[in-house]
Structures are given as structure tokens and as C-alpha cells.
Amino acid sequence: MRHVTWIRVAGGIVMFGLTVALGLYGVREAATQPKAVTLKIQASWPPASLFTDNLKMFAERIQKMSGGRVLIEALPAGAVVPAFEVVDATHRRVIDGAHTWSGYLIGKHMAAVLFTGGPGGPFGMDLFDHLGWFYEGGGFELYQEWYRDVLRMNVVGFPILPFNPQALGWFKKPFKSWEDVKGLKIRAVGMYAQMLKEAGAGVVSLPGGEIVPAAERGVIDAAEWCCPAEDIKLGFHQVWKYYYMPSLHEYTETGDLILNKAVWDALAPDLQEIFKAAATDVYIRWWLRFTYENSVGLRELEERHKVTISRTPDAVLVKQLELWDKIREREAARDPFFKKVVESQRKYASVVVPARRAMFPSYELAANYYWKKR
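Quick note: the sequence shown, position 104, residue 104 per the numbering used here, numbers continuous.
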């Protein structure tokens, strides 16, 4: 009996020792476990925008891929700074990062339009050709050089937000020719704003959430923002009933994830790789979702909201390319860095675009075979 008692006592001592040891191990593990990093990233878009969903998707991917080591607080436009000031705020580290469109920086340097997708591609490239130039044609390195050496901003950036080709815009009455823009007050930004100015339009640059209120007050006559699903979100169909598409002014448009350079450098190497991979993952996954939602939105505009949707005349599209060619060559003659980027894009496009034209069948051929135009 005494022997059994001692066995029980000994067993209890062993179990107690193991419990203490495991507890101490857990304390040491907790002490060495790195604290989660929370980054504040503000978007240039209102809360209801589908573009804000892109940032939220990225935040979810980062949390999962990092095992919770990095958390992102996704903030809408105006949460900390105005929509068009997020990159400057990231540079000054007022916020840790920005989810934006570098085309808003065209006033700082014209190369902004090239990195976000210039008119016509540029040079006939589509969205994924442009992404290919970024990652296979030297564009990514030029993009970092532009922010670092030309703009002298303490940031790094990655493409993350792909758009469908932008619509020409919303109008109060039918649009027949490029000359019809003369005298109109049109909401536009970036290169499109400059093209419209040269055509005699009055241009008003507004964040997305301010466009419909401005139209209701008579501040603007027409506007472009993006695409069917996104334009519905902002209520464009409530003030305009004539919608024209497609357009070549923002044919391969891409938005950016911008991080403060010090924030980026403080991330462990594996976390930096996670950020790069997540940005590319979100770029592709979100584009698939966005394209489908725009397809549904286009039908909704026609059938539910009775919007008249018309195809932009080819003559208008050609006029856009002609205007862009003049602006591009003029700027290339004036600015060496702009010219450097243009020549890089031209070189990549000269290989890819003719080859794709030869290898890929026309999208319209099979589309028209199965889905007759109405």
C-alpha cells in the first residue's frame, strides 16, 4: 500500500514538473513571439467604392499569408488626409501607405501617366501587356526610380488595382463627335483632363465622392470615373442618362499600393516577399471579380435604370490617339526621364503587340458568333 502511495506521489511530482516546464516554455514563446505590426493605409476612394474593396482584399491576404504578423487598417478617402494627398502623406509618414492611382501625380511629373497606363496602351498594349512591361520589360525598376530620384519621395510602390478600359463618360445629351466636348464642363483627371483641355473643354478635377453632388449643383455637365459597376455605386445614373464606351484615354489603367520606404525597409525579408506576392495575387483575383461585376452592372444600367448606352465613334478613339501622340512626343522632347520610359514601353510593345496580334484571334470574332450584337 505504501509502495502504491509513493508511486502516486512520484507521478504527481512528475506531472507538476511537466506542467511548470511547459508553462515556462509558453511564457518564453510568448516573450519571443514578434508583436503584430499594424499599418495604416488610406485609399483615395470613398467607402462605397469597389476600389476600396481591393484594399480590403489585400489586407485580408496579408493577414492570412503573414500568419497575423502584419495587420492592415484599410482607411477610405478623407479618413486622415484628402483623397489626392495620400502619396505625399505616405512620404511624410503621416500614414504608412496609400492605395491610390499615381496618375493623380501628373502635376508633379508627366511620367505618372505612363506608369498608370497611358492612352492606347501605350503603343497598343492591353492591361496584361502593360503589367508584362512592368515585370518583364524593366517598368518596375523605372517606376521605383521615378518615385525615388525624380519625385524624391521616400516611398516604394506596386501595381495592385487593375481597371477595365475606362468609359468615355456620362453626358446629358447624345455625344456625336470629339468637337462636342468643346465648351462642356467635364470632370476628368490625369492625361484625359489635358486632352479635354486641348479640345476646348472646361475640366474640373474632383474625387469620386464629390462628382454626383457637383453635377446636381450644375458645377459640371459631364463626367468620367470608371466603369459600370463602380459608376452605379457612385450614383451617376441618377443625374445622367447617356453613357458612352469604350475609350482609349485610360485603356490599361492600374492603381497602386504605395508604402513609406522606412516602413518597407523595417519589414522582414519574408514579409516583403509576402507583400509582393499578395499585390500580384490581388491584382489578378480582383480584376476577375471586377470584370464580372462590370458585366452585370452594364446590364443593370440598361434594363433597370434605362440608361442609353452607346458605342463611342471610332473617329473619337482615333482622335484620342492623335492627341496623345502629340502630347507624348512634345513631353519626350522636353523631359529626358519621360523619354526614357516612353522608349522602354515602345521597345517592349514592339515585340509583344505585333506577336499577340498574330497569335491571338480577334475577341470579337468568337464573341459575335455566339452573342449577336443587339
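Glycine is no exception: its CB is placed at the ideal position from the N, C-alpha and C atoms.
Worksheet item: According to DSSP, what are the bridge partners of ARG330?
Response: The partner list for ARG330 (beta bridge, DSSP) is empty, contrary to what the question assumes.
Discussion item. Which residue marks the beginning of the beta strand (DSSP E) containing PHE158, and which one marks its end?
Written reply: 155-162
Worksheet item: In whole angstroms, what is the alpha-carbon distance linking VAL204 and GLY78?
Response: 19 angstroms
Discussion item. Can you tell me whether GLY103 is helix, strand or coil according to DSSP?
Written reply: helix
Worksheet entry | Closest Cα partner of ASN164 within the set SER344, TRP287 and SER350 | TRP287
Fill in: Spatially closest choice to PRO336 from GLY138, PRO246 and MET110, by CA coordinates
MET110
Discussion item. Contact defined as beta carbons within less than 8 angstroms: I believe LEU259 pairs with GLY97. What is the distance between those atoms, to the nearest angstrom?
Written reply: 4 angstroms
Worksheet item: When the distance is taken between beta carbons, is ALA43 closer than 7 angstroms to ILE160?
Response: no
Worksheet item: Using a Cβ-Cβ cut-off of 7 angstroms (strictly less than) and excluding sequence neighbours within five positions of TYR192, which residues of its own chain qualify?
Response: GLU224, HIS249 and GLU250
Worksheet item: Are there 16 or more other CB atoms within 10 angstroms of the CB of GLY68, so buried, or fewer, so exposed?
Response: exposed
Worksheet entry | CA-to-CA distance, ARG93 to ALA262, given in whole angstroms | 9 angstroms
Practice prompt. Within the same chain, show all residues whose beta-carbon is closer than 6 angstroms to that of ASP231, passing over the 5 residues directly before and after it, in chain order.
Written response: TRP225
Discussion item. Taking the alpha carbon of VAL342 as the reference point, which residue from LYS319, SER49, VAL189 and TRP146 has its own alpha carbon closest?
Written reply: TRP146
Worksheet item: From the DSSP output, which residues share a beta bridge with ASN260?
Response: VAL155
Worksheet entry | Among MET125, PRO228 and ARG328, the one whose alpha carbon lies nearest that of MET195 | ARG328
Worksheet item: Going straight from the alpha carbon of VAL352 to that of ARG346, what length do you get?
Response: 10 angstroms
Worksheet item: Taking C-alpha atoms, which residue in LYS339, CYS227 and ALA358 lies nearest to VAL296?
Response: CYS227
Discussion item. Just to confirm before moving on: does the CB-CB distance between VAL316 and TRP101 stay below 7 angstroms?
Written reply: no
Worksheet item: Could you give the residue range of the beta strand (DSSP E) that holds TYR242?
Response: 242-245
Worksheet item: Just curious, the beta strand (DSSP E) that TRP45 is in, first and last residue?
Response: Unbroken run through TRP45: none, as it is neither H nor E.
Worksheet item: Is it buried or exposed for GLU253, if we count other Cβ within 10 angstroms and need 16 for buried?
Response: buried
Discussion item. When you compare the CB positions of ILE274 and MET65, do they come within less than 7 angstroms of one another, or not?
Written reply: yes
Discussion item. Buried or exposed, going by whether 16 or more other CB atoms sit within 10 Å of the CB of TYR370?
Written reply: exposed
Item to complete: Spell out whether any CB of chain B is found under 7 angstroms from the CB atom of GLN320.
Response: Protein chain content of the structure displayed is limited to a single chain, and chain B is not contained in it.
Discussion item. Per DSSP, what are the beta-bridge partners of PHE171 in this structure?
Written reply: TYR242
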